[in-house]
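Trainee: Following this message is one structure expressed as structure tokens.
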Amino acid sequence: MSGFLSKRLSSLIPYTPGEQPKMLDLIKLNTNESPFPPSPKAQKAAAEAAKRLELYPDPQCRRLTQAVASNLGLDPDQVLMTNGSDEILYFAFLAFCDSDTPAVMADITYGFYKVYADLCGVKKNVIPLKDDFTVDVDGFCNAEGTVFLANPNAPTGLLLPLCDVERILSSKPDRVVLVDEAYVDFGGESAIKLLDRYDNLIVTRTFSKSRSMAGARLGFGAASKELIGDLNTVKYSINPYNINSMTMAAGLGVMADEEYTLENCRSIISNREYTCAELKKMGFTLTDSKTNFIFCAHPDVDGSEIYSRLREKGILVRHFDQERIKNHNRITVGSLEQMQSLLKALEEILKEK
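Note that the sequence shown covers residues 469 to 821 in the working numbering.
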């Protein structure tokens with residue numbers, strides 16, 4: 469630390485992103501990326517946009533906003549495109565949390581919520597998950613503050629039924645509820661359909677997972693026109709040109725190739741179900757994941773040991789040190805070939821044990 473850092477940030481613990489190794493021979497199952505490349509239409513559109521990088525991108529992101537809104541059955545002024553869904557989360561912390569309004573979040577959930585709260589100087593109202601890792605709906609209903617709810621949750625992979633999301637929304641209509649749907653395309657039910665009934669709802673999505681654009685950084689928020697207006701106030705106070713031209717063009721290409729996305733999602737779901745069935749045969753316990761990852765533990769082998777042994781065998785998964793989940797590993801669902809290699813490696817590890 470330099471000594472120049474603001475005292476307000478001196479105790480800040482930043483988010484730890486998943487490792488991005490430089491070794492090309494690793495099977496990378498640690499950051500929930502898609503095993504499939506972006507749509508050919510997205511690649512072509514991005515290449516064309518690269519020819520015009522001397523110009524600023526459209527700060528309103530009009531064409532892409534229109535495409536996303538049409539896909540969701542919304543008006544364009546109900547959608548805000550952002551630099552990944554992390555940016556819309558940051559905007560929401562700035563817009564809807566302050567010294568009088570804490571951030572409500574689960575104890576085991578996306579790690580950036582805690583970091584953004586600390587960065588923004590916002591108090592955290594943490595609601596522990598139940599012993600089975602399900603959300604304590606009553607706890608969220610009774611909690612004071614702006615709600616940040618990942619659904620399906622990460623890293624547990626569990627989906628909260630939409631009726632329970634509604635309970636949280638209706639419990640305190642005078643507070644904002646943000647539902648983070650980064651993984652909803654892999655078996656979840658979206659809260660987008662609730663937007664016409666709840667003006668305190670924000671739904672966020674990302675192009676990183678189901679649309680194979682993790683490297684492009686593209687996401688969005690959907691909400692009432694008034695909430696989007698609030699978020700735009702923050703955006704235009706930070707970075708009006710928040711989405712670069714190539715990413716914007718790639719996003720349009722992806723939106724024009726919806727069947728490509730749907731087919732990839734079907735493949736990932738199929739690979740997930742196959743892998744889960746095989747893991748159960750080996751004695752692993754798993755959550756009922758509705759995401760593009762598997763959250764699992766083995767009764768006979770410590771989670772950190774499994775992580776280390778897999779890495780020795782050239783397979784990278786995600787391990788967390790948090791007390792309640794330190795025996796678990798989060799495994800991205802890759803291609804069928806990658807999952808078969810994972811299963812073979814785990815069989816070897818268990819036999820050696």
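No residue lacks a Cβ here, since even glycine has one placed at the ideal position from N, Cα and C.
Note that the structure is predicted; figures quoted are calculated from it, not measured.
1. Taking the Cβ atom as the reference point for each residue, do residue 695 and residue 559 lie within a distance shorter than 7 Å?
2. Tell me, to the nearest whole angstrom, how far the beta carbon of residue 552 is from that of residue 759; I am working on the premise that it is less than 8 Å.
3. By DSSP, does residue 781 sit in helix, in strand, or in coil?
4. Please classify residue 713: is it buried, with 16 or more other beta-carbons within 10 angstroms of its beta-carbon, or exposed?
5. Do residue 728 and residue 580 have their CB atoms nearer than 7 Å?
6. Assign residue 545 to one of three DSSP states: helix, strand, or coil.
7. Give me, in chain order, the residues of the same chain whose beta-carbon lies closer than 7 Å to that of residue 674; leave out the 5 immediate sequence neighbours on both sides.
8. With DSSP as the reference, label residue 733 as helix, strand or coil.
9. Anyone know if the C-beta pair for residue 596 and residue 802 falls short of 7 Å?
10. Can you tell me whether DSSP reads residue 646 as helix, strand or coil?
11. When the Cα of residue 487 is compared with those of 819, 812, 785, 791, which residue comes out closest?
12. For residue 611, which residues in the same chain have their Cβ closer than 7 Å to its Cβ, ignoring the five residues on either side in sequence?
13. Comparing alpha-carbon positions, which option in 617, 547, 678, 742 lies nearest residue 578?
14. Can you tell me whether residue 711 is helix, strand or coil according to DSSP?
15. What residue ranges within the segment 732–819 form continuous beta strand (DSSP E) runs of no fewer than 3 residues, ordered along the chain?
16. Quick check on the burial criterion: 16 or more other C-beta atoms within 10 angstroms. Buried or exposed for residue 544?
17. Can you tell which of 710, 743, 506 has its C-alpha closest to the C-alpha of residue 811?
18. Considering only their Cβ atoms, is the gap separating residue 672 from residue 556 smaller than 7 Å?
19. Give the straight-line distance between the Cα atoms of residue 755 and residue 715, rounded to the nearest whole angstrom.
20. Could you say which of 745, 795, 684, 474 lies nearest to residue 549 if we only look at CA atoms?
21. Which residues does DSSP list as the beta-bridge partners of residue 669?
22. Report yes or no: do the segment 770–781 and the segment 499–515 share at least 3 C-beta pairs separated by less than 8 Å?
23. Please go through the same chain and pick out, in chain order, the residues whose beta-carbon is closer than 8 Å to the beta-carbon of residue 599, but skip the five residues on each side of it.
24. Here's the rule I'm using: 16 or more other beta-carbon atoms within 10 Å means buried, otherwise exposed. How should residue 697 be labelled?
25. Assuming residue 514 contacts residue 717 (C-beta within less than 8 Å), just tell me the rounded distance between them.
26. Mind checking who residue 689 pairs with in its DSSP beta bridge?
27. Is residue 708 near residue 527, with beta carbons less than 7 Å apart?
28. Locate the beta strand (DSSP E) running through residue 616, then write down its first and last residues.
29. If you draw a straight line from the alpha carbon of residue 472 to that of residue 480, how long is it in whole angstroms?
Mentor: Reading it off the structure:
1. no
2. The pair is not a contact, with the Cβ atoms about 17 Å apart (cut-off 8 Å).
3. It is coil, neither helix nor strand.
4. Counting Cβ neighbours within 10 Å, residue 713 comes out buried, since at least 16 surround it.
5. no
6. helix
7. Within the same chain, residue 674 has close Cβ partners 552, 553, 650, 687.
8. When secondary structure is reduced to three states using DSSP, residue 733 falls in the helix class.
9. no
10. Here DSSP, grouped into helix, strand and coil, assigns residue 646 to strand.
11. 785
12. In the same chain as residue 611, and ignoring 5 residues on each side of it, the C-beta atoms closer than 7 Å to its own belong to 572, 593, 595, in chain order.
13. 617
14. coil
15. 761–765, 796–800
16. buried
17. 743
18. yes
19. 34 Å
20. 684
21. DSSP, once it has assigned bridges, lists 645 as partnering residue 669.
22. no
23. none
24. exposed
25. 5 Å
26. Bridge partners of residue 689: 548, 672.
27. yes
28. 614–618
29. Using only the alpha carbons, I get a separation of about 14 Å.
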